[in-house]
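In terms of the numbering used here, the sequence shown opens at residue 10 and continues consecutively.
Accompanying notes for the structure given below.
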Amino acid sequence: MFDPKDLYELADDVPELPDPVLLYHFDGFVDAGAAGRLALGHLLAELEHRVVATFDVDRLLDYRSRRPIMTFDTDRWVECESPELAVHVAKDATGTPFLVMSGPEPDREWELFTNAVSDLVERLKVSKLVTLHGIPMAVPHTRPLGLTMHASRPELINSQTSAFGRVQVPGSVAALLELRLGAQGHDAVGYAIHVPHYLSQAEYPTAAVTGLEAVTRGTGLVFPLDPLRDAARRTTTEIEEQIQASTELSTAIKGLEQQYDAFAGGAERENLMAETTPMPTGDELAAQFERFLAERDDE
Numbered sequence: 010m011f012d013p014k015d016l017y018e019l020a021d022d023v024p025e026l027p028d029p030v031l032l033y034h035f036d037g038f039v040d041a042g043a044a045g046r047l048a049l050g051h052l053l054a055e056l057e058h059r060v061v062a063t064f065d066v067d068r069l070l071d072y073r074s075r076r077p078i079m080t081f082d083t084d085r086w087v088e089c090e091s092p093e094l095a096v097h098v099a100k101d102a103t104g105t106p107f108l109v110m111s112g113p114e115p116d117r118e119w120e121l122f123t124n125a126v127s128d129l130v131e132r133l134k135v136s137k138l139v140t141l142h143g144i145p146m147a148v149p150h151t152r153p154l155g156l157t158m159h160a161s162r163p164e165l166i167n168s169q170t171s172a173f174g175r176v177q178v179p180g181s182v183a184a185l186l187e188l189r190l191g192a193q194g195h196d197a198v199g200y201a202i203h204v205p206h207y208l209s210q211a212e213y214p215t216a217a218v219t220g221l222e223a224v225t226r227g228t229g230l231v232f233p234l235d236p237l238r239d240a241a242r243r244t245t246t247e248i249e250e251q252i253q254a255s256t257e258l259s260t261a262i263k264g265l266e267q268q269y270d271a272f273a274g275g276a277e278r279e280n281l282m283a284e285t286t287p288m289p290t291g292d293e294l295a296a297q298f299e300r301f302l303a304e305r306d307d308e
């Protein structure tokens, strides 16, 4: 029987933490607009932090499915970008310490990894686990982004009405952590940000802002969001330029706005994918935006 403690290494100088929140996101699962990756990446870029625990990625990852980048210089190999799955301790804008767990989603030993995280949660006295990621929805970028909340206990999300019924979907380590640790009595919350389906393959900072604002409401942690909001405004400007240059895109966005407004106003519709106006598919819209953004990058 494998010991979960063998799957991670805890730093020798871990500070005493007053019931910290643990934010986590893993690269590799659905994350429309890179909402989760941008959100946690922003926190690690803006806040002072240090590693308090690292996981054994050699046991957890399939390198042949996600090969690390290596650098060859003239006649020899000089560098390998080894992946890292780690837990960091940081402080929010008010000085409150919290934890951030990020890195590639494990390919193997999900149950053992979950047990290892559970052990860390106990040792670090984590009060709540929180995750966020983006999901593609047929919504326009011109309206406030919605989100779907889920949690290990209904009381944690104030009985929010969900747009989803009972469904079966491919699993993820993030979801498994919420399920298993919730069953052990730990509080765990997740935020799925509704990202416009035509922007799901691009980086959409607005989705990361929406996610972090939701985390603040749910935990009380305060984050420096101005740089992320600036990036969101720049991206929105680029999107608007593309729309104004295309009659087809303008018509499609207006159709989505009409659907969104009718749905939000209580009109009887099955879902936000109802087709009342002919429009390009999400893939077609995304392809047009990607071409536009690629052209801007080349300028």
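Here a beta-carbon is modelled for each residue, glycine too, at the ideal position from N, C-alpha and C.
Computed from a predicted model, the values in this text were never measured in an experiment.
Exercise for review: Assess, as a yes-or-no matter, whether the region 139-153 is touched by the region 31-41 under the definition of 3 or more beta carbon pairs within less than 8 Å.
Suggested key: yes
Open item on the list: I'd like to know if Leu121 contacts chain C, where contact means its C-beta is closer than 7 Å to some C-beta of that chain.
Closed with: Absent from the structure: chain C. Only one protein chain is present.
Along the chain, where does the beta strand (DSSP E) containing Gly37 start, and where does it finish? As a working note, residue 37 is residue 28 in the sequence shown. Here Gly37 belongs to no beta strand (DSSP E), and DSSP marks it neither H nor E.
- Task: Starting from Leu19, follow the beta strand (DSSP E) in both directions and report where the run begins and ends.
- Result: Counting from one through the sequence shown, the residue named residue 19 turns up at place 10. Tyr17 to Leu19 is the extent of the beta strand (DSSP E) around Leu19.
Note down the Cα distance separating Arg175 from Gln210, rounded to an integer number of angstroms.
Residue 175 sits at position 166 when you count from the first residue of the sequence shown. Residue 210 sits at position 201 when you count from the first residue of the sequence shown. Whole-angstrom Cα-Cα distance: 26 Å.
Quiz item: From Leu49, Arg73, Ser127 and Ile202, pick the residue whose C-alpha is nearest to that of Met146; which is it?
Solution: Stepping through the sequence shown from its first residue, residue 146 is reached at position 137. Selected option, being the one with the closest Cα: Ile202.
CA nearest to the CA of Arg238, picked from Thr228, Gln251, Ala216 and Ile252:
Against the sequence shown, residue 238 aligns to sequence position 229. Of the listed residues, the one whose Cα sits closest to Arg238 is Ala216.
| request: May I have a chain-ordered list of the beta strand (DSSP E) segments no shorter than 3 residues that lie completely inside the region 160-245? | output: 197-205
Thinking C-alpha only, which one of Arg152, Val30, Leu69 and Thr103 is nearest Glu266?
Here residue 266 is taken as the residue at index 257 of the sequence shown, counted from 1. Among Arg152, Val30, Leu69 and Thr103, the Cα nearest to that of Glu266 belongs to Arg152.
Practice task
For the region 42-57 and the region 65-72, state whether three or more C-beta atom pairs, one from each stretch, are separated by less than 8 Å.
Solution key: no
ask   = Beta-carbon separation of Ile212 and Ala43 under 7 Å?
value = Here residue 212 is taken as the residue at index 203 of the sequence shown, counted from 1. Here residue 43 is taken as the residue at index 34 of the sequence shown, counted from 1. Rather than Ile, the amino acid found at residue 212 in this sequence is Glu. Cβ distance < 7 Å, so Glu212 and Ala43 count as in contact.
**Prompt:** Since Leu234 and Val218 are thought to touch, with beta carbons under 8 Å apart, how far apart are those beta carbons, to the nearest angstrom?
**Reply:** On the sequence shown, residue 234 is found 225 positions in, with the first residue counted as 1. On the sequence shown, residue 218 is found 209 positions in, with the first residue counted as 1. Yes, Leu234 and Val218 are in contact; Cβ-Cβ is about 6 Å, under 8 Å.
(message) In whole angstroms, give me the CA-to-CA distance for Glu120 and Asp12.
(response) The count along the sequence shown starts at 1 and reaches residue 120 at position 111. The count along the sequence shown starts at 1 and reaches residue 12 at position 3. Roughly 12 Å separates the two Cα atoms.
| field | Collapsed DSSP secondary structure at Phe11 in the structure displayed | value | Translated into the one-based positions of the sequence shown, residue 11 becomes position 2. In the structure shown, Phe11 sits in coil (DSSP, three-state: anything other than H, G, I, E or B).
request  = Look at the alpha carbon of Asp196 and the alpha carbon of Leu108, and state the distance between them as a whole number of angstroms.
outcome  = Here residue 196 corresponds to residue number 187 of the sequence shown, with the count starting at 1. Here residue 108 corresponds to residue number 99 of the sequence shown, with the count starting at 1. Rounded to the nearest angstrom, the two C-alpha atoms are 15 Å apart.
Through-space distance from Arg85 to Glu187, alpha-carbon basis:
Here residue 187 refers to the residue found at position 178 of the sequence shown. Here residue 85 refers to the residue found at position 76 of the sequence shown. Roughly 45 Å between the two C-alpha positions.
query: How long is the line joining the alpha carbons of Gly155 and Leu208, rounded to whole angstroms?
result: Your numbering for residue 155 matches position 146 in the sequence shown. Your numbering for residue 208 matches position 199 in the sequence shown. Cα to Cα, the separation comes out at about 15 Å.
Other residues of its chain near Pro77: CB distance less than 7 Å, five sequence neighbours each side excluded: Working through the sequence shown from its first residue, we reach residue 77 at position 68. Cβ within range, chain order: Cys89, Glu90, Ser91 and Pro92.
* What are the start and end residues of the beta strand (DSSP E) that includes Thr140? -> Counting from one through the sequence shown, the residue named residue 140 turns up at place 131. Thr140 -> beta strand (DSSP E) spans Lys137 to Met146.
Integer-rounded CB distance, given that Ala99 should sit under 8 Å from Leu56:
In the sequence shown, counting from the first residue as 1, residue 56 sits at position 47. In the sequence shown, counting from the first residue as 1, residue 99 sits at position 90. With a Cβ gap of about 4 Å, Leu56 and Ala99 count as contacting.
For this session: To the nearest angstrom, report how far apart Thr245 and Gly194 are at their CA atoms.
Result: The sequence position of residue 245 within the sequence shown is 236, counting from 1. The sequence position of residue 194 within the sequence shown is 185, counting from 1. Going by the C-alpha atoms only, they are around 41 Å apart.
Whose C-alpha, out of Val224, Ala125 and Pro205, is nearest the C-alpha of Gly199? Along the sequence shown, one-based indexing puts residue 199 at 190. For Gly199, the nearest C-alpha among the options comes from Val224.
Quiz item: Residues in its own chain within less than 8 Å of Ser136 by CB, not counting five upstream and five downstream?
Solution: Here the question's residue 136 lines up with position 127 in the sequence shown. Closer than 8 Å at Cβ, skipping near neighbours: Asp28, Pro29, Val30 and Asp196.
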